[in-house]
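Engineer:
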Amino acid sequence: MAAVVTRRTHCSPSEVYAVLADGWSYAGWVVGSSRIRAVERGWPAAGTRIHHSVGIWPFLIDDGTTALECKADRRVLLQARGWPVGEATIEVRLEPDGDGTVVILDEDATKGPGTLLPERLRRLVLVPRNVEALRRLCLIAEGRA
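Note that my numbering has the sequence shown beginning at 15, numbered continuously upward.
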């Protein structure tokens with residue numbers, strides 16, 4: 015994929031996964047997501063969705079993110095929608111690292127206008143956004159631990 019970022023946290027994979035599995039926390043760590051409207055039962059099992067809004071009020075777009083694959087404490091693969099901007103596939107991997115975890119976030123545009131940009135330009139947009147997203151994700155996990 016186009017944009018891969020990593021961050022190490024002192025939390026265990028299960029502590030980080032607990033944040034990923036809490037669909038209501040999504041707007042707290044995903045940059046650009048402004049509110050969660052609903053989380054389907056069983057999230058993040060494959061096929062379940064988070065119904066969210068992206069943008070800044072009053073310019074909000076209601077859309078959703080679907081879990082494509084999930085391995086508890088190891089990996090979540092998501093398809094995020096934010097039309098008319100488009101769609102992106104996002105993989106979050108959790109790799110044990112001594113007394114902590116290395117969190118890897120890998121994202122790329124898969125449908126819509128974002129796919130028209132060269133990969134290098136997509137990286138310029140996605141990498142800083144995802145560095146901040148991982149910072150937020152790890153801070154939430156660390157705050158709960």
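Cβ atoms here follow ideal geometry from the backbone N, Cα and C, with glycine treated the same way.
State the DSSP-derived secondary structure class of glycine 69, mapped to helix, strand or coil.
Structural biologist: What you label residue 69 is simply residue 55 of the sequence shown in a count that begins at 1. Glycine 69 falls in the strand class under three-state DSSP.
Engineer: Which complete beta strand (DSSP E) runs does the region 17-48 hold, if anything under 3 residues is left out?
Structural biologist: 17-23
Engineer: State the beta-bridge partners of threonine 103 as determined by DSSP.
Structural biologist: Here residue 103 is taken as the residue at index 89 of the sequence shown, counted from 1. Answer is Gln93, Asp122.
Engineer: Measure the alpha-carbon distance for phenylalanine 73 versus tryptophan 57 and round it to whole angstroms.
Structural biologist: Your numbering for residue 73 matches position 59 in the sequence shown. Your numbering for residue 57 matches position 43 in the sequence shown. Distance from the CA atom of phenylalanine 73 to the CA atom of tryptophan 57, rounded to whole angstroms, is 27 Å.
Engineer: Thinking aspartate 77 and arginine 95 are a contact (beta carbons under 8 Å), I'd like their distance in whole angstroms, please.
Structural biologist: Counted from its first residue, the sequence shown places residue 77 at position 63. Counted from its first residue, the sequence shown places residue 95 at position 81. Going by Cβ atoms, the distance from aspartate 77 to arginine 95 rounds to 4 Å, so yes, they are a contact pair.
Engineer: Using the beta-carbon count (16 or more within 10 Å), is isoleucine 154 buried or exposed?
Structural biologist: Here residue 154 corresponds to residue number 140 of the sequence shown, with the count starting at 1. By the 10 Å Cβ count, isoleucine 154 comes out buried.
Engineer: By a C-beta neighbour count over all protein chains shown, 10 Å radius and 16 as the cutoff for buried, is glycine 37 buried or exposed?
Structural biologist: As a working mapping, residue 37 is identified with position 23 in the sequence shown. Answer is buried; the Cβ neighbour count reaches 16.
Engineer: Any idea if proline 132 is buried or exposed, counting beta-carbon neighbours within 10 angstroms, 16 or more meaning buried?
Structural biologist: On the sequence shown, residue 132 is found 118 positions in, with the first residue counted as 1. Proline 132 is exposed by the Cβ-count criterion.
Engineer: Give the DSSP bridge partners of alanine 52, in chain order.
Structural biologist: Taking the sequence shown and counting its residues from 1, the one referred to as residue 52 is at position 38. Beta-bridge pairing links alanine 52 to His65.
Engineer: Counting along the chain, where does the alpha helix (DSSP H) carrying leucine 138 start and finish?
Structural biologist: Locating residue 138 in the sequence shown gives position 124, where the first residue counts as 1. 133-158 is the span of the alpha helix (DSSP H), which, as asked, contains leucine 138.
Engineer: Straight-line CA distance for glycine 46 to leucine 135?
Structural biologist: One-based indexing of the sequence shown puts residue 46 at position 32. One-based indexing of the sequence shown puts residue 135 at position 121. Using only the alpha carbons, I get a separation of about 18 Å.
Engineer: Rounded to a whole number of angstroms, what is the C-alpha to C-alpha distance between glycine 112 and arginine 88?
Structural biologist: Translated into positions along the sequence shown, residue 112 becomes position 98. Translated into positions along the sequence shown, residue 88 becomes position 74. Each residue's Cα considered, the two are about 15 Å apart.
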